[in-house]
Amino acid sequence: MGKALAEAFPSARAVFEEVDEALGEKLSTLIWEGPKETLTLTENAQPALMAVSVAVMRVLEKEKGISLAGTAKFVAGHSLGEYSALAAAGAFSLADAARLLRLRGQAMQKAVPVGVGAMAALLGVGVDIAEKVAAEAAQGDVCQVANDNEPTQVVLSGHKSAIDRVLEIGKTFGVRRAVPLPVSAPFHCKLMQPAADAMAEALANVTVNRPVVPVVANVLAQPISDPEEIKKRLVEQVTGTVRWRECVAFMAADGVTDFYEIGAGKVLAGLVKRTAPSVNASSLGTPSDIDAALAALTS
């Protein structure tokens with residue numbers, strides 16, 4: 031991911047070089063050459079995904095003349111993507127975003143011993159039913175809503191014993207399928223408190239600027255711009271629910287008609303369309319994606 035961008039655009043190449051320098055290693059080589067099992071470690075995947083997103087944004091701004099402040103009403107990101115959105119909007123320097131995400135990945139991995147936690151996606155039900163399933167499955171363990179992705183897809187996170195119970199209990203609540211997720215830790219639940227503490231300490235020592243457009247915060251589903259509140263909500267996000275469905279619904283209700291997923295992958299554009307069917311949603315991750323979107327972005 032991102033290799034074609036770096037080969038085609040000097041501004042994208044500069045992003046990867048800056049991230050490599052900030053981390054003191056060639057993350058770009060890992061992104062483009064692997065090995066995949068090393069890249070998918072959360073301490074590498076988080077800064078890598080951010081780098082690709084910011085690289086696309088830099089190309090749009092520096093080489094295609096698209097001003098974020100002049101084009102977008104809001105920025106938003108799903109989980110680690112909130113850091114990408116904030117970096118794109120100038121709240122974080124690129125180097126700080128890379129270092130914070132490296133630390134975030136390491137802290138999340140260390141927070142819970144391997145095998146103790148798990149996550150599962152519930153398909154066919156919304157957050158109200160998912161919360162009931164989580165409460166029923168907990169039985170003294172941690173089990174909570176991690177991601178409210180769209181009206182019929184919610185992810186639960188917690189102790190593996192509780193998530194194992196979810197797979198059975200879900201059937202009695204009308205869950206179409208409960209799919210265990212291949213994750214290395216139980217993200218966005220109370221078990222991540224040690225990681226939240228680590229992020230609070232790290233964010234206290236980082237300069238956060240006012241973003242050029244408001245960020246719709248994961249834990250609020252409301253726009254924020256105050257630097258101190260941004261720090262606070264990023265700490266809460268480690269153990270809190272990613273309220274993505276509500277974030278999208280808020281933006282659509284506030285008049286946003288066009289959503290652009292900036293970076294690697296096309297998952298979020300799909301979640302947007304299932305939450306707000308009347309809006310346009312497209313993914314920009316390659317040079318051809320950027321060229322295809324230019325007419326709409328400059329009109």
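Heads up, the sequence shown is in this note's numbering, so the first residue is 31 and it goes up one at a time.
Beta carbons: idealized from backbone N, C-alpha and C, even for Gly.
For the beta strand (DSSP E) that contains residue i, what are its first and last residues?
i	result
D178	C173 to E180
L186	Q183 to H189
A151	G147 to L153
A208	R207 to P210
Would you say residue i and residue j are within 7 Å of each other, going by their C-beta atoms?
i	j	result
T271	V196	no
A228	A137	yes
V142	L221	yes
E180	R273	no
V105	V245	yes
A151	A168	no
A311	F289	yes
V249	Q267	yes
P317	A38	yes
G315	A294	yes
A36	R129	no
G147	T182	no
Locate the alpha helix (DSSP H) running through residue i, then write down its first and last residues.
i	result
N310	Note, N310: premise wrong, no alpha helix (DSSP H); beta strand (DSSP E) at N310 to L314.
G100	L98 to T101
F46	P40 to L53
E73	T72 to R88
T328	P317 to T328
E112	G111 to A118
A232	Q223 to A234
V163	V157 to A168
K303	V297 to T305
K66	K66 to L69
R134	L124 to A141
E63	L57 to E63
To which residues of the same chain is residue i closer than 8 Å at the C-beta, ignoring the five residues directly before and after it?
i	result
L131	Q76, P77, M80, L110 and Y113
I61	M31, G32, K33, F46, L69, A78, A81 and V82
V157	V175, D178, V184 and R275
A323	Y290, S312 and L314
D256	R240
To the nearest angstrom, how far is the alpha carbon of residue i from that of residue j?
i	j	result
E213	I320	Reading off the sequence, residue 213 comes out as Val, not Glu. Distance between the alpha carbons of V213 and I320: 31 Å.
E47	S58	8 Å
E231	K190	28 Å
V89	E166	48 Å
E336	I199	Given a span of 31 to 329 for the chain in the structure shown, any question on residue 336 remains unanswerable.
T70	V184	22 Å
V205	N239	43 Å
N177	H218	8 Å
L133	L327	34 Å
V172	S187	8 Å
M44	G54	In the sequence under discussion, the amino acid at residue 44 is Ala, which differs from the Met named in the question. Looking at the two C-alpha atoms, the distance is approximately 15 Å.
E258	F122	13 Å
R207	K201	8 Å
L211	G145	13 Å
A279	P307	10 Å
A226	I254	20 Å
Keeping to the same chain, check which residues put their C-beta closer than 6 Å to that of residue i; ignore five residues upstream and five downstream.
i	result
A127	M80, Y113 and A117
V286	K103
C277	A106, V246 and A251
I96	L90 and L327
V236	D126
R263	A247 and V249
Given residue i, which residues of its chain have a CB within under 7 Å of its CB, disregarding the five upstream and five downstream residues?
i	result
Q139	T72, E73, S214 and A215
V242	L98, A99, A119 and G120
L298	H108 and E291
K94	I320 and L324
S41	R88, V89, K92 and E93
Which residues share a DSSP beta bridge with residue i?
i	result
D288	N310
I254	V245
V272	N177
V105	V245
Counting only beta-carbon separations shorter than 7 Å, does residue i have a partner in chain D?
i	result
A234	Among the protein chains of the structure shown there is no chain D, as only one such chain exists.
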